[in-house]
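See below for the structure under consideration.
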Amino acid sequence: MTGPGVRRGWAALAALGLALAWFALGAPRASRDLIEARARSLPSVQLFHLVAAGAEARDDGGLPSGAEAARAADLLEELLALETRRTRWARQALAVLDDAQVAAARAGANPVALPKSRAHRYLPPEMLLMEATLAARFGSVPAREAPAPDSERWTDAAPVDIQWGLLALITSDQPPLTEAQARRVQAALLEGMAAYEALPDRQLALEEALGPQVRARALSLSQRPLRADLALAEAPALIHALRTRGVDEAPAR
Amino acid sequence: MKHPGLPWLLAAGVYLAGAALFTWPLVGSLSEAVWGDRFDAWTTMWLIWHLAERLGAGELTAVTDRIFFPVGYNLWSFGHLALQLIAAPLIWLGFSVPAAYNLLLLGSFTGTGLASHALGRRLSGDHWGGLLCGALFTWSPYLYGEMSAGCVELVAAWFFPLQALLMLRLFEEPTWRRAAPVGVLLAMTGPFNWYYTVFSGMLLLAMLGWRATVGGSTLRPALLRAAAAIAGAGLINLPLIPLVRQETPERFGITAATFAAENWELSKAITNGQVPLAELEVDMLVLNDAMQVAVNSTSLSNLVAAGFPANPLESTPGALAFAFGLFGLVAAGRRALGWAAIAAVFTGLTLGPFLLIDATPPLPEWSLERPLPYYYLYNDVPFFSKAYRPYRLGVVALTALAALAALGFGRLRGRWKPALAAGTFLLAALQPHLFDDKPAARPMGDARVPETYAALKALPEGAVIELPLQYQPVSVANARLQYFQVVHERPMLNCNQLIRRTELVQFKDYVGGNRFLQTALDIGRQSPPLAWTDDDLAALRDDGFGYVIAHAGFAPARLRLSGYQGEADRLRQPAWAMLAEAFGEPALEGDGLMVYALPQADALTPGRLRRWTGDDFVEVAVPWTELKLPVLLREGDAIPLDGPPDARAFSAWLHRLDGDGGVVLASSDPVWSAPLLTPEARWRWSEVPDLPTLAAGGEWMLVATGGAVTLELDALQFRVAP
Chain A
8 MTGPGVRRGW AALAALGLAL AWFALGAPRA SRDLIEARAR SLPSVQLFHL
58 VAAGAEARDD GGLPSGAEAA RAADLLEELL ALETRRTRWA RQALAVLDDA
108 QVAAARAGAN PVALPKSRAH RYLPPEMLLM EATLAARFGS VPAREAPAPD
158 SERWTDAAPV DIQWGLLALI TSDQPPLTEA QARRVQAALL EGMAAYEALP
208 DRQLALEEAL GPQVRARALS LSQRPLRADL ALAEAPALIH ALRTRGVDEA
258 PAR
Chain B
3 MKHPGLPWLL AAGVYLAGAA LFTWPLVGSL SEAVWGDRFD AWTTMWLIWH
53 LAERLGAGEL TAVTDRIFFP VGYNLWSFGH LALQLIAAPL IWLGFSVPAA
103 YNLLLLGSFT GTGLASHALG RRLSGDHWGG LLCGALFTWS PYLYGEMSAG
153 CVELVAAWFF PLQALLMLRL FEEPTWRRAA PVGVLLAMTG PFNWYYTVFS
203 GMLLLAMLGW RATVGGSTLR PALLRAAAAI AGAGLINLPL IPLVRQETPE
253 RFGITAATFA AENWELSKAI TNGQVPLAEL EVDMLVLNDA MQVAVNSTSL
303 SNLVAAGFPA NPLESTPGAL AFAFGLFGLV AAGRRALGWA AIAAVFTGLT
353 LGPFLLIDAT PPLPEWSLER PLPYYYLYND VPFFSKAYRP YRLGVVALTA
403 LAALAALGFG RLRGRWKPAL AAGTFLLAAL QPHLFDDKPA ARPMGDARVP
453 ETYAALKALP EGAVIELPLQ YQPVSVANAR LQYFQVVHER PMLNCNQLIR
503 RTELVQFKDY VGGNRFLQTA LDIGRQSPPL AWTDDDLAAL RDDGFGYVIA
553 HAGFAPARLR LSGYQGEADR LRQPAWAMLA EAFGEPALEG DGLMVYALPQ
603 ADALTPGRLR RWTGDDFVEV AVPWTELKLP VLLREGDAIP LDGPPDARAF
653 SAWLHRLDGD GGVVLASSDP VWSAPLLTPE ARWRWSEVPD LPTLAAGGEW
703 MLVATGGAVT LELDALQFRV AP
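Protein chains in written order, with the numbering used here: chain A, 8 to 260; chain B, 3 to 724.
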């Protein structure tokens, strides 16, 4: 390069190099961070927000009554069962693995970036990937499998960590799963997927049954940190309160 | 002596080769496949064929009843006709419709490349600078995204670099001779694309604003002549403005409340076709139109990534354009500030009325409290609301970024410059094959028409109703059914252009007046009872209809983008029972197509009610139908079905994705089996009549035979005694 624009020319090329490096290395990460931050801030009403809001409404006398209360109690019971299945399936899957496989799952529990799923409205992509991998390798579950008991191993891990570990184990197949293990893991996985699928619609129904005031309260609760386990501990008392209002204040026929 | 046109001829060859690379593997299947298995490619092919066919017959009219029969559809509603008209001669020369479409696409890329090359050459002073500018503008994620969506009229983006070039010439020497082409080009843009007319006007105003800040003795004549050119173009297009409004009906203002959470839900339900047609009101459709402004805005996460996505809604000018834009700004300094400002302003406008972090609705409250510049322009500037897809304003930013790159390139000296330009050209053209989700690796859309449609052409006269009838393009089938008219040539009620509310309201009125059509509407997802009277069929006969077509087999969409509602295409019971009992044997059958003739008037009984309750059908669920996931069965694997022991018949939709095996419906006691249809890569509906009665403890099951098979399953239904 020659002439009066030499310095400017080199600066331009350096800017080009830096910009390309940013788009190749920094931009994807920055974009992903934005998406994750947005996901964390979404005002979706989780089950535990609804329970906490319902508990507050119970104390303020803001719960529905009559048929709506009875329906809300039924829905809440159903939702709690689904929520249990949603979080428990991974522990059931762990129960059918041997120690070496559990150790491999623990080692692979660090989340890695997966493409955002466009295949399904609710199911996390890691579950879809596990199901597809198992189905491709071992075929379908030929008959209804008895659910495995919950595992007592790796109890210090959150369900999501166990799910990531299972995904790592299944995709690497090291140590390999036997067919019998794979089928029981698959059965547990399908149960978890079914629970995932059913949750949003039931939750919407519960929101409707609890009424707009409780929903608004739940939305405002969702803006601040809330301990899910403490909130859910209120659920039995809330169900009792709804049942009482459902029976005592049902319109006379 | 070298002919002055030779470099341009060479450049045309280079851009054509670049287009082949960019769209690869399209050139290997020009007559059989198209990029963009969404909606627009199919309707554009239909439009090319329709224009050629009607023009050839000397019967082209603005309103056609070939689609949306018998009400008719105004072709101006497409908003772009000129480019498609260019392809008409190819049809007359004997090219197939997909070949004409694909040649038009390759030609559009080449034309866009040459126009941006010309701008780059002027700014840089040589053809290598032209090549750099052409590469950045043409091989961009924006144009690839529009190609992927089948919007060939948006790939023909040559207007922007040409307009910029003509304006630069005018600024240099502000004569009427140089002003005239500015006006002529702007006026010509209209019939090609109304979006681009508005966008071109914005580019012109931005360049004039920039010129005004520079000042000088030629400022006044330059502004005067440019303003006259724009006004002249406006006058020429004045008679067309009512037709422009046809394409985009009046758009009302937007506020933060427009984008409230419940409105997102309503909009999603409308576009998924899940709001009952009878409940659709104009104010809901107006709201749905307004929601498109946010849906079509660039999100911050996409802008930061500036990647190479397949989805045009995620596209931006792209990493290469931004990086080279910065390069040009640094290299050219003050001379580049105008282009840099245009790039920055229009990139900002792509963000839409409120900032979206990602595409997940609803918008955060802090965002709704801080409107962006687009918001004010949309609400307050006449005609600006025509730009209701903000991400498309990125094409103006792209023009400025490519110009910046060329300007900077021209300021440098060195023997490596040709290598930089050629290397960038190659890298840019290869982006779809190398980066992000590698969109070039996706399957293309199969543009072959089932042969049975050719036989349909030979049946006695009568318009057709394809099932399911849809008021929104909930799956790609709706658009493909319209495209298939290029072979059968019969008028049809179905229309893929009902996304515009004016036509949708007309559709609602027509369909709402006939109970058979109400039944046909979204019949794949409609719950029984299905009911209508013979009078409804008689009315259809009187209107000129002759046939109802149902699909027991079809090739599924190869892409499943968000919002996919493919299950709507699969008719289930009691719809099949209704068709068989009401219309008898199909007049034509093949390729999974069932063509039923509407009964003649003497076979209809005035006032007779026909009703199918569906009470005699039981649907069984297995995990894979509930989760909509494929299942792999190895030979002998069985899926138990919880069906009634005394079932009379069984039916199901199966889609064989992989493997050589077949599937049978079997019973364990008595030992019995019957094959189900599983052609490769097609959804197929099978019916097994006359089932045996199960013994106590016996079980129904689906069993893989003859090898492994990967399947999708849907609508597993047993027929029982009523």
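Built from N, CA and C at the ideal position, the CB exists for glycine as well. Predicted, not measured: the structure shown is a model, and the values here were computed from it.
Residues that residue i contacts on chain A, provided the C-beta gap is smaller than 8 Å
i, result
"residue 635/B", "146, 147"
"residue 632/B", "139, 142"
"residue 340/B", "What residue 340/B touches in chain A: nothing, since even the nearest Cβ is about 18 Å away."
"residue 410/B", "19"
Proximal residues of chain B, C-beta to C-beta of residue i below 8 Å
i, result
"residue 16/A", "333, 413, 414, 415, 416"
Given residue i as reference, the closest of the options once Cα atoms are compared
i, options, result
"residue 617/B", "581/B, 576/B, 643/B, 641/B", "576/B"
"residue 305/B", "18/A, 177/A, 37/A", "37/A"
"residue 506/B", "517/B, 478/B, 474/B", "474/B"
"residue 55/A", "144/A, 89/A, 96/A, 27/A", "89/A"
"residue 81/B", "536/B, 49/B, 213/B", "49/B"
"residue 385/B", "614/B, 130/B, 68/B, 204/B", "204/B"
"residue 261/B", "363/B, 229/B, 341/B, 242/B", "363/B"
"residue 57/B", "700/B, 72/B, 90/B, 47/B", "90/B"
"residue 155/A", "168/A, 165/A, 195/A", "195/A"
"residue 408/B", "639/B, 87/B, 135/B", "135/B"
"residue 519/B", "38/B, 25/B, 600/B, 20/B", "600/B"
"residue 437/B", "532/B, 322/B, 446/B, 391/B", "322/B"
"residue 693/B", "701/B, 651/B, 35/B, 241/B", "651/B"
"residue 406/B", "14/B, 705/B, 312/B, 124/B", "124/B"
"residue 231/B", "414/B, 220/B, 210/B", "210/B"
"residue 159/A", "236/A, 219/A, 109/A, 27/A", "109/A"
"residue 217/B", "174/B, 471/B, 147/B", "174/B"
"residue 676/B", "688/B, 683/B, 682/B", "688/B"
Rounded distance between the beta-carbons of residue j and residue i, thought under 8 Å
i, j, result
"residue 256/B", "residue 355/B", "6 Å"
"residue 145/B", "residue 114/B", "7 Å"
"residue 661/B", "residue 712/B", "5 Å"
"residue 558/B", "residue 655/B", "Rounded, the Cβ-Cβ distance is 10 Å, inconsistent with contact."
"residue 2/B", "residue 498/B", "Nothing in the structure corresponds to residue 2/B, since chain B is present only between 3 and 724."
"residue 360/B", "residue 299/B", "At roughly 11 Å, the Cβ-Cβ gap does not stay under 8 Å, so residue 360/B and residue 299/B are not in contact."
"residue 397/B", "residue 201/B", "6 Å"
"residue 130/A", "residue 177/A", "The pair is not a contact, with the Cβ atoms about 16 Å apart (cut-off 8 Å)."
"residue 111/A", "residue 182/A", "6 Å"
Chain B residues whose Cβ lies nearer than 7 Å to that of residue i
i, result
"residue 35/A", "307"
"residue 65/A", "Under the 7 Å cutoff, chain B gives no residues; its nearest Cβ is about 26 Å from residue 65/A."
Chain-ordered neighbours of residue i on chain B, where CB pairs are closer than 9 Å
i, result
"residue 22/A", "325, 328, 329, 331, 332, 333"
"residue 89/A", "Those do not exist, as residue 89/A stays about 14 Å from chain B at its closest Cβ, beyond 9 Å."
"residue 6/A", "Since the first and last residues shown for chain A are 8 and 260, residue 6/A lies out of range."
Chain A residues whose Cβ lies nearer than 7 Å to that of residue i
i, result
"residue 302/B", "41"
"residue 136/B", "In chain order: nothing, as chain A lies at least about 18 Å away."
9 Å Cβ cut-off: residues of chain A touching residue i
i, result
"residue 220/B", "Within 9 Å Cβ-Cβ: nothing; residue 220/B doesn't reach chain A, min ~27 Å."
"residue 1/B", "Past the edges of chain B, shown from 3 to 724, lies residue 1/B, and the structure says nothing about it."
_Short of 7 Å Cβ to Cβ, which residues in the region 308 to 330 of chain B face chain A?_
Close to chain A, meaning a Cβ-Cβ distance shorter than 7 Å, are the following residues of the region 308 to 330 of chain B: 308, 321, 324, 325, 326, 328, 329.
*asked:* Counting beta carbon pairs with one atom in the region 476 to 494 of chain B and one in the region 343 to 353 of chain B, are three or more of them shorter than 8 Å?
replied: With a cut-off of 8 Å, the region 476 to 494 of chain B and the region 343 to 353 of chain B do not count as touching, because too few Cβ pairs lie within range.
*Say whether the region 169 to 185 of chain B touches the region 362 to 369 of chain B, bearing in mind that this needs 3 or more beta-carbon pairs closer than 8 Å, one atom from each stretch.*
Contact annotation: the region 169 to 185 of chain B does not touch the region 362 to 369 of chain B, with fewer than three C-beta pairs closer than 8 Å.
*Inter-stretch contact (C-beta, 8 Å, three-pair minimum) for the region 253 to 269 of chain B and the region 286 to 297 of chain B*: These segments touch.
*So, do the region 567 to 582 of chain B and the region 708 to 723 of chain B have three or more beta carbon pairs nearer to each other than 8 Å?*
For the pair of segments examined, the region 567 to 582 of chain B was found to touch the region 708 to 723 of chain B: the number of CB pairs separated by less than 8 Å reaches three.
_Whether or not the region 117 to 125 of chain B and the region 92 to 107 of chain B are in contact is what I'm after, with contact meaning three or more pairs of Cβ atoms, one per stretch, closer than 8 Å; do they touch?_
A contact is defined here as three or more CB-CB pairs under 8 Å, and the region 92 to 107 of chain B fails this definition with respect to the region 117 to 125 of chain B.
_Residues in the region 272 to 289 of chain B having any Cβ partner in chain A nearer than 8 Å_ = Listed by position, the residues of the region 272 to 289 of chain B near chain A (Cβ gap below 8 Å) amount to none.
_With a threshold of 8 Å, are at least 3 pairs of Cβ atoms found where one atom belongs to the region 401 to 415 of chain B and the other to the region 151 to 171 of chain B?_
Verdict: yes, contact present.
*Note down, in chain order, all residues in the region 342 to 375 of chain B with a beta-carbon under 7 Å from any beta-carbon belonging to chain A.*
Under the 7 Å Cβ criterion, the region 342 to 375 of chain B contributes 359, 360, 362, 366.
*According to a CB-to-CB cut-off of less than 9 Å, which residues of the region 30 to 42 of chain B neighbour chain A?*
Closer than 9 Å at the C-beta level to chain A, one finds no residue of the region 30 to 42 of chain B.
*asked:* Three or more C-beta pairs under 8 Å: does that hold for the region 533 to 542 of chain B against the region 424 to 438 of chain B?
replied: Result no; under three Cβ-Cβ pairs closer than 8 Å.
*Count the C-beta pairs between the region 22 to 39 of chain B and the region 464 to 473 of chain B that are closer than 8 Å, then say yes if the count reaches three, no if not.*
Because the criterion of three Cβ pairs below 8 Å is not met, the region 22 to 39 of chain B and the region 464 to 473 of chain B do not touch.
*Does the region 86 to 106 of chain A touch the region 185 to 195 of chain A, meaning 3 or more C-beta pairs lie closer than 8 Å?*
Because the criterion of three Cβ pairs below 8 Å is met, the region 185 to 195 of chain A and the region 86 to 106 of chain A touch.
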